[in-house]
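Asks:
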Amino acid sequence: FSWSSRPKSFTTAETYKEGDSFELKIKENLADAIKNEEFVLFYQPVVDMKTGRISSLEALVRWNSPIFGFMPPLEFIPICEKTGLIKPLGNWILNRAMEDGKKICENLEYPMDIAVNVSAVQFEGEDFVSVVKKNLEETKFDPTRLYIEITESSLILSLDNILNILKELKNMGIRILLDDFGTGYSSLNYLENLPIDGVKIDKSFISKIEEVNYKKSILSSIISLVKKMNLDAIVEGVEEESQLRYLEECSCTKVQGYLFSKPIPITELHTLFDKKIII
Ligand code: C2E
Ligand code: CA
Ligand code: CA
Ligand code: CA
Numbered sequence: 175f176s177w178s179s180r181p182k183s184f185t186t187a188e189t190y191k192e193g194d195s196f197e198l199k200i201k202e203n204l205a206d207a208i209k210n211e212e213f214v215l216f217y218q219p220v221v222d223m224k225t226g227r228i229s230s231l232e233a234l235v236r237w238n239s240p241i242f243g244f245m246p247p248l249e250f251i252p253i254c255e256k257t258g259l260i261k262p263l264g265n266w267i268l269n270r271a272m273e274d275g276k277k278i279c280e281n282l283e284y285p286m287d288i289a290v291n292v293s294a295v296q297f298e299g300e301d302f303v304s305v306v307k308k309n310l311e312e313t314k315f316d317p318t319r320l321y322i323e324i325t326e327s328s329l330i331l332s333l334d335n336i337l338n339i340l341k342e343l344k345n346m347g348i349r350i351l352l353d354d355f356g357t358g359y360s361s362l363n364y365l366e367n368l369p370i371d372g373v374k375i376d377k378s379f380i381s382k383i384e385e386v387n388y389k390k391s392i393l394s395s396i397i398s399l400v401k402k403m404n405l406d407a408i409v410e411g412v413e414e415e416s417q418l419r420y421l422e423e424c425s426c427t428k429v430q431g432y433l434f435s436k437p438i439p440i441t442e443l444h445t446l447f448d449k450k451i452i453i
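Each residue of the sequence shown is one higher than the last, beginning at 175 in full-length UniProt numbering.
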């Protein structure tokens, strides 16, 4: 079994079913992969529209598997979530992001935030807050530099639990972002009732903005709503100059996308710093 022999139509994160052999193969290899340090975090900059500089880096996990090849997260994260392996993996991700973040912050003259994606499954069962605390102690990473990104879809599980966890995280100085905003439901309810600091407006809202005329109005309305609630509005998936110009008109606060940089390894981050990204 190898990556190249995996039939195209066979299995992806979207189509795999319980018991699929691809899923089993991944499951078999995941625990070892964590031990063997086969995972790596890439970082994608988020650019502040006011300063034109990078204000944070989002950690995005990749699996460099000797068996499957270079695996994007959407191929293995859902399987990790189903099997519970997201807990050890998520713990590793938090730890590594904080370790990396510490190094990055030490080498910069201006503050840099690190954003970590957290799956809803990590909120279940064992105490997520103490996992975060433990990693903060181990790495000595400043919690006020940490963003945790949660998705709307994860919030339908148990709102009370999640609310308590988010409050505890906030008390520690950690900031919370609602990810993929607009793709789930009850969005407006969450904006009002969760202790969040900002929303990441899903890339589907910015895409084809020049081709479909009502899309601009939808996007600008979302941004203005978010800003009226005193939340940061971060638009993901910015690929074109024209999109950026429109976002400037909308007074969007932060942007992220291939226009600025793809997610890159920590060793390449130096190429991004010390220059203004938006000119
Ligand atoms: P996400 O959190 O919404 O991350 C943004 C995704 O959009 C990333 O894909 C990023 O590479 C991609 N992206 C960024 N800019 C652009 C752009 O301009 N155009 C387009 N088309 N795409 C862009 P990636 O790295 O493949 O991650 C996919 C998803 O996997 C993430 O979506 C997140 O839900 C999940 N994921 C990634 N890393 C982690 C992790 O460490 N933990 C957890 N729980 N989930 C993760
Ligand atoms: Ca994210
Ligand atoms: Ca997102
Ligand atoms: Ca997503």
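Where is the CB? At the ideal position from N, CA and C, for every residue including glycine.
Computed from a predicted structure; not experimentally measured.
#1: By the three-class DSSP mapping on this structure, what secondary structure does Lys-389 have?
#2: Straight-line CA distance for Asn-238 to Asn-281?
#3: Go ahead and pull the three-state DSSP assignment for Ser-416.
#4: Are the CB atoms of Gly-347 and Pro-317 nearer to each other than 7 Å?
#5: Measure the alpha-carbon distance for Phe-302 versus Lys-314 and round it to whole angstroms.
#6: Decide if the segment 216-225 is in contact with the segment 248-267; the criterion is three or more beta carbon pairs, one per stretch, under 8 Å apart.
#7: Considering only heavy atoms of ligand 6, does any lie closer than 6 Å to the CB of Tyr-284?
#8: Return the first residue and the last residue of the alpha helix (DSSP H) that Arg-270 is part of.
#9: Would a C-beta distance cut-off of 7 Å place Glu-232 and Ala-289 closer than the cut-off?
#10: From the DSSP output, which residues share a beta bridge with Gly-411?
#11: Between Leu-418 and Val-412, is the Cβ-Cβ spacing less than 7 Å?
#12: Does the beta-carbon of Asn-210 have 16 or more other beta-carbons within 10 angstroms, so that it is buried, or is it exposed?
#13: Going residue by residue through the segment 289-375, where are the continuous alpha helix (DSSP H) segments of at least 4 residues, counting only ones entirely within it?
#14: Between Ile-440, Glu-442, Glu-415 and Ile-336, which lies nearest to Val-429 when the distance is taken from Cα to Cα?
#15: Around the Cβ of Phe-242, are there at least 16 other Cβ atoms within 10 angstroms (buried) or fewer (exposed)?
#16: Measuring CA to CA, which of Met-286, Ser-381, Ile-253 and Ile-438 is closest to Val-295?
Replies: Taking the structure as given:
#1: Within the sequence shown, the letter at position 215 stands for residue 389. DSSP places Lys-389 in helix when its eight states are reduced to three.
#2: Residue numbering aside, residue 238 sits at position 64 when the sequence shown is read from its first letter. Residue numbering aside, residue 281 sits at position 107 when the sequence shown is read from its first letter. Each residue's Cα considered, the two are about 27 Å apart.
#3: In the sequence shown, the residue the question calls residue 416 occupies position 242. DSSP places Ser-416 in helix when its eight states are reduced to three.
#4: Sequence index remark: in the sequence shown, residue 347 carries index 173 (1-based). Sequence index remark: in the sequence shown, residue 317 carries index 143 (1-based). Against a cut-off of 7 Å, the Cβ pair of Pro-317 and Gly-347 comes out as a contact.
#5: Reading the sequence shown from its first residue, position 128 is the one you call residue 302. Reading the sequence shown from its first residue, position 140 is the one you call residue 314. Spanning the two alpha carbons is a distance of roughly 18 Å.
#6: no
#7: Only ligand 1, ligand 2, ligand 3 and ligand 4 can be found as ligands here, which leaves ligand 6 out of the picture.
#8: Residue mapping note: residue 270 aligns to position 96 of the sequence shown, counting from 1. Segment 260-280, the alpha helix (DSSP H) holding Arg-270.
#9: Here residue 232 is taken as the residue at index 58 of the sequence shown, counted from 1. Here residue 289 is taken as the residue at index 115 of the sequence shown, counted from 1. Contact flag set, yes.
#10: The residue labelled residue 411 in the question sits at position 237 within the sequence shown. In the DSSP output, where bridge partners are listed per residue, Gly-411 has none listed.
#11: By one-based count along the sequence shown, residue 418 stands at place 244. By one-based count along the sequence shown, residue 412 stands at place 238. Yes, these two residues count as a Cβ contact at 7 Å.
#12: Position 36 of the sequence shown, counted from the start, is the residue given in the question as residue 210. Counting Cβ neighbours within 10 Å, Asn-210 comes out exposed, since fewer than 16 surround it.
#13: 302-313, 326-329, 333-345 and 361-367
#14: The count along the sequence shown starts at 1 and reaches residue 429 at position 255. When only C-alpha atoms are compared, the closest one is Glu-415.
#15: In the sequence shown, counting from the first residue as 1, residue 242 sits at position 68. The residue is buried, with at least 16 neighbouring Cβ atoms inside 10 Å.
#16: Counting from one through the sequence shown, the residue named residue 295 turns up at place 121. Ranking Met-286, Ser-381, Ile-253 and Ile-438 by Cα distance to Val-295 puts Ile-253 first.
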